[in-house]
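Heads up, the thing below is written out as C-alpha cells.
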Amino acid sequence: MDDSYLAKAFHYCLIEILLHHQSNFARLKRMQVDGILDRHFVHAASIMLGLMKYYVRTYGCQMNVADSNEMGRHLQARGIMQTEDSDDATVLLVNTCTVRQHAEDRAFSEIGRLKKWKALKPGRKVVVTGCAAERTKEYLEDRFPHIDLVVGAKSIEDFGTLVEGLLERRPEADDLDYATPSTSDKVSAFVTIMRGCNYSCTYCIVPYVRGRESYHPMEQVLAEVRDRVREGAREITLLGQTVNSYHRDGNRGKGTDFADLLEAVGAVEGVERVRFISPHPYYMTDRVIQAMADVPEVCEALHLPVQSGSTVMLKKMQRNYTREGYLELIRKLRRSMPEMTISTDVIVGFPGESDTDFRETLSLIEEVGFDFGFVFKYSPRVGTPAAELEGFPEELIEERHQECLSLMESIAAKKRQRWTGTVQDVLIEEEGFGRTRGNAKVAVQGNARVGETVPVMIARAEKSTFGHWRKL
Ligand code: 5AD
Ligand code: SF4
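Just so you know, we're using the working numbering here: the sequence shown kicks off at 3 and counts up by one.
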C-alpha cells in the first residue's frame, strides 16, 4: 500500500470523526490555530464537509448580478456553496457599483459594518469586487484593512485565479474559466456576451471602471447558454454595456454580429425566450430589428435608454443620436413589432439642462408612451468630463426628478391597462410569479410549476411591476 493511499485513508477517517462531532468551520480553524490540524487539511476538510459557504451582496445593474453569479460559480467549483444567511458564511462577497454616488456610499457603509462580522468567527474572509472596487482599490484597502481581497470590475474574468490565493488552494486542470457547473435552477439566466464600453457619454464612469469593449466568442456564449439550460433556464438574457454592438471578426469577412447571435441563441434547444440589456440606440440597426421580429424566441420587449429628450442635451452627453433619431427608431420598432413594450432610462439635472430641455424630456416620454422607465438624478462622477461642469442645486434636481418620475409612472399605469382582460403566456419563475413576453411580472394563481409556460388571464394590472431590471 503506498503512502498517498494511506494518507488519503487517514484524511477520510478524520473527516468521518469530524462529521460525527458535528464540527463547524470555526472549530476546525481553532484547531488549526492551536496547532492540532494542518491548514491544508482544515481547508480540504471544510470543503469536503460543505462547511465553507459564501454569501454575496450585489449592488448595481444586471451586469453586476451576472458577475456575482459568475464569481459564485468559481467558488462553487471549489466546493464553497452559496448561503442566503451571512451568519452562516465564511466568505462574504460585496459586489459594488459606482455609477452614482449613492450606490457607492451604500456599499462602503456595508463594508464598514463587515469588520464586526469578520471578527465574530475565525477564518472569515471579506472580498470586495466590482466597479467601485476598480475605481477606489487603494482607498478601500487603506480605509478597510479587514478586506482580504479586492477584485476590480476589469478583473472579474480572473476571479478564479485571484480567489485561489485567498483560499490557500492550487487550481486544478479541470477548473474552467467560464461555464463552471452551478447548482442554481434559475428559470431566467443572464449570459454576458461583452464587457466594457467604447462610448464616452460625458456623465458615465463605466468606461473608466470596465474598460474598452471586448466580446466573448460565439461558441463560448452558446456553451454558456447550453449550461444554463441544463441547469433549468428557459429564458436567457444576453448582457453587455452596449449589448447590441456585439461583433466578432470571422474568416474571409464572415464575421458575426448581434443579429446572428440572437438567431443562434434562439436556436439552442430548450431556450424559450431571449432578451437582452442594455442596447444602445445607435446599434439598433435594421438587421437587429429584423432579427428581433424573425426569431420567435426573442421577446417583444426592449429597454432602450434615451437619457434625455433634448437634442442639445444628447449632444452634450455625447450620446450619438438626436431626439428625432430616437423617435424614428421607436416608430420603426413599432411598425415591425406593434405589441412591443418599451422602457427606458432618463437622467434629469444634467449640467446645463434648461427648463426647455427638461420639458423636451417630458414630452418625449409622453410621445413614446414608455411602459416603464427609470428616472435618475444626475450624479457627478469624478474623472468624467461632465463632472468639470457647473451643476445645479440639489433642490432643482429633486424637483425635476419628482415631476419626471410621476409623469413616467402615470403613463406606465395607463399603458398597463391594455393587458387587462387579455391572455398572456407567462413563464413561471418562482412559485406564484411569472413574466409575460412583454416583461410584465404577474402574480399567478393556480398550481403552475416553476419553469412552465402557461396561458394566464390578466385580471388586474394596477401595480408597477414591469421589468426585471432593478433600480441601481
Ligand atoms: N448620474 C445619473 N445617472 C447615471 N447613469 C449613468 N451614469 C449616471 C450619472 N453619472 C444612468 C444612465 C444609465 C443607467 C444605467 O444609469 O441612465 O442608462
Ligand atoms: Fe455609460 Fe454611455 Fe457606455 Fe452606457 S453607452 S455604459 S451610458 S458610456
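We put the CB at the ideal spot given by N, CA and C, even for glycine.
Query, Result
"Inter-stretch contact (C-beta, 8 Å, three-pair minimum) for the region 420-427 and the region 394-412", "no"
"Closest residue to Met54 among Gln222, Met83, Ile332 (Cα-Cα distance)", "Met83"
"According to DSSP, residues forming a beta bridge with Tyr380", "Answer is none; Tyr380 lacks a bridge partner."
"Opening and closing residue of the alpha helix (DSSP H) in which Glu221 lies", "220-232"
"Classification of Arg232 by the beta-carbon crowding that lies within 10 angstroms, buried from 16 upward", "exposed"
"3-residue-minimum beta strand (DSSP E) runs that sit fully inside the region 32-79, ordered along the chain", "55-60"
"Segment contact, 8 Å Cβ cut-off, at least three pairs: the region 308-319 with the region 284-299", "no"
"Same chain, Cβ closer than 7 Å to Pro124, five either side skipped, listed in chain order", "Ala28, Lys31, Arg32, Val35"
"Exposure label - Met286; buried when at least 16 CB within 10 Å", "buried"
"Beta-carbon contacts of Thr204 that lie in its chain and below 7 Å, excluding the five residues immediately before and after", "Lys318, Met319, Gln320, Thr386, Pro387, Ala388"
"Distance CB(Gly440)-CB(Ala235) smaller than 8 Å", "no"
"Residue range of the unbroken beta strand (DSSP E) whose run includes Ile349", "343-350"
"Cys203 beta carbon near the ligand SF4 (any heavy atom closer than 7 Å)", "yes"
"Close beta carbons around Arg172, own chain, < 6 Å, minus the five adjacent residues each side", "Low confidence applies to Arg172: its pLDDT is 40, below 50, so where it sits in the model is not reliable, and the reading given next is rough at best. Result list for Arg172: empty, nothing under 6 Å."
"Anticipated Cβ contact below 8 Å, Glu274 with Thr455, distance rounded", "6 Å"
"Glu401, DSSP secondary structure in three states", "helix"
"Among Val428, Thr358, Leu168, the one whose alpha carbon lies nearest that of Asn449", "Val428"
"Backbone CA spacing between Ser280 and His305 [nearest angstrom]", "6 Å"
"Cβ contact (3+ pairs, closer than 8 Å) linking the region 328-339 and the region 355-364", "no"
"Nonlocal neighbours in the same chain, by C-beta distance under 7 Å from Val130, ignoring five residues either side", "Val96, Thr98, Ile113, Leu142, Ile149, Val152"
"Cys133 beta carbon near the ligand SF4 (any heavy atom closer than 7 Å)", "no"
"Opening and closing residue of the beta strand (DSSP E) in which Met294 lies", "No beta strand (DSSP E) contains Met294, which is instead part of the alpha helix (DSSP H) from 288-296."
"Whether Ala135 touches Gly154 by CB criterion (8 Å)", "yes"
"Any non-hydrogen atom of the ligand SF4 closer than 7 Å to Pro481 Cβ", "Beyond the ends of the chain as shown, which are 3 and 474, falls residue 481; an answer cannot be given."
"Where Ile195 falls: helix, strand or coil (DSSP)", "coil"
"Identified DSSP bridge partners for Lys443", "Arg437"
"Any beta strand (DSSP E) of 3 or more consecutive residues that is wholly inside the region 97-141", "127-132"
"Rounded separation between Leu8 and Glu159 - CA only", "38 Å"
"Selection from Ser312, Phe278, Ser190 that minimises the alpha carbon distance to Val431", "Going by the sequence as given, residue 431 is Glu instead of Val. When only C-alpha atoms are compared, the closest one is Ser190."
"For Arg250: DSSP bridge partner residues", "Thr258"
"Cβ-heavy atom distance, Gln243 to the ligand SF4, below 7 Å", "yes"
"Nearest neighbour of Thr358, chosen from Gly311, Val267, Val300, Glu299 [CA to CA]", "Gly311"
"Length of the line joining the Cα atoms of Arg102 and Phe43", "44 Å"
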